[in-house]
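Trainee:
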Amino acid sequence: MTGAVPSGKFWEEQDGLARRRAVEIKHGRISMMAFLGMMVQELGITFPGSMTLDGSVQFSDILKDGMGFPALENVPRLGLLQIVAFGFVAETAAMPATQYTGGPQNLPGGYDGSIGTIPGGYPFTNQIEDVTARNRALTCELQNGRGAMLGTFGAMLHSELDSCQHHFFYPITHN
0 MTGAVPSGKF
10 WEEQDGLARR
20 RAVEIKHGRI
30 SMMAFLGMMV
40 QELGITFPGS
50 MTLDGSVQFS
60 DILKDGMGFP
70 ALENVPRLGL
80 LQIVAFGFVA
90 ETAAMPATQY
100 TGGPQNLPGG
110 YDGSIGTIPG
120 GYPFTNQIED
130 VTARNRALTC
140 ELQNGRGAML
150 GTFGAMLHSE
160 LDSCQHHFFY
170 PITHN
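So the sequence shown is numbered by numbering that gives the first Met the number 0: it starts at 0 and just counts up by one.
1) Go through its chain and collect everything with a Cβ distance to SER59's Cβ below 8 Å, but skip five positions before and after it.
2) So is ARG19 buried or exposed if we call it buried at 16+ other beta carbons inside 10 Å?
3) Run through DSSP, which three-state label would SER55 get?
4) What does the Cβ neighbour count give for ILE24, buried or exposed, with the cut at 16 atoms within 10 Å?
5) Can you give the beta carbon distance from GLY27 to GLY150, rounded, assuming they're within the 8 Å contact cut?
6) Spatial neighbours of ALA136 within its chain, please: CB distance less than 8 Å, with the 5 preceding and 5 following residues excluded, ordered by chain position.
7) Quick check: the Cα distance between ILE29 and ASP53, rounded to an integer number of angstroms?
8) Return the CA-CA distance between VAL56 and MET148, expressed in angstroms with no decimal places.
9) Can you pull the DSSP bridge partners for SER30?
10) Going by beta-carbon coordinates alone, are ALA86 and LEU62 separated by less than 9 Å?
11) Are the beta-carbon atoms belonging to GLY67 and MET38 less than 9 Å from one another?
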């Protein structure tokens, strides 16, 4: 029976796979940035200036009770609301995984963008034309994202469960 159209279940699974791959890549990218943020925080680097308009909460004040989850208690509630609102807008309007397009070359994790929020394509880069090199780069991004997801989760667990006063990057930052 060559040329027969597969059942609807097959096509639903294919669409679901593309969506799940897009979500995996997006979460991997977020985790890579989160892991870098943890490293910067561990090194004691903070933004200069104030987190609030009235100047009552400095960026350096956020880390006064520790890093990670204890630092969240020092972030003003309106600041936490802004972080959640940004994530909500990014997930529902700017780059919704339900409207994954594959980008200009139908690549995993590619979004053409929403009008008024994200420009189409990939800014400041050229697409990789060589199929082998492109597949290798995409595989590396997937693997790095998976590693960053595990690393971020491990660092979060370590900051919550460790009874010592040292931190996740102690050997790097405290020589």
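All C-beta atoms, glycine included, are put in the ideal place defined by N, C-alpha and C.
Mentor: On the basis of the supplied data:
1) If you number the sequence shown from 1, residue 59 lands on position 60. In the same chain as SER59, and ignoring 5 residues on each side of it, the C-beta atoms closer than 8 Å to its own belong to THR45, in chain order.
2) Numbered from 1 along the sequence shown, position 20 holds the residue referred to as residue 19. Classification for ARG19: exposed.
3) The residue you call residue 55 lines up with position 56 of the sequence shown. Here SER55 sits in coil by DSSP.
4) Stepping through the sequence shown from its first residue, residue 24 is reached at position 25. Buried is the call here.
5) As a first step, residue 27 must be located in the sequence shown, where it is residue number 28. As a first step, residue 150 must be located in the sequence shown, where it is residue number 151. With 8 Å as the limit, GLY27 and GLY150 do not qualify as a contact, their Cβ atoms being about 11 Å apart.
6) Here residue 136 is taken as the residue at index 137 of the sequence shown, counted from 1. Excluding the 5 residues flanking it on each side, ALA136 has same chain C-beta neighbours closer than 8 Å at ILE127, in chain order.
7) Counting from 1 along the sequence shown, the entry for residue 29 is found at position 30. Counting from 1 along the sequence shown, the entry for residue 53 is found at position 54. Looking at the two C-alpha atoms, the distance is approximately 30 Å.
8) To locate residue 56, count along the sequence shown from 1; it is residue 57. To locate residue 148, count along the sequence shown from 1; it is residue 149. In a straight line, the C-alpha of VAL56 is about 30 Å away from that of MET148.
9) Taking the first residue of the sequence shown as 1, we reach residue 30 at position 31. SER30 is not bridged to any residue.
10) Position 87 of the sequence shown, counted from the start, is the residue given in the question as residue 86. Position 63 of the sequence shown, counted from the start, is the residue given in the question as residue 62. Note that residue 86 is Gly in the sequence shown, not Ala. Not a contact, by the Cβ cut-off of 9 Å.
11) Here residue 67 is taken as the residue at index 68 of the sequence shown, counted from 1. Here residue 38 is taken as the residue at index 39 of the sequence shown, counted from 1. In this structure, MET38 does not lie closer than 9 Å to GLY67 by Cβ.
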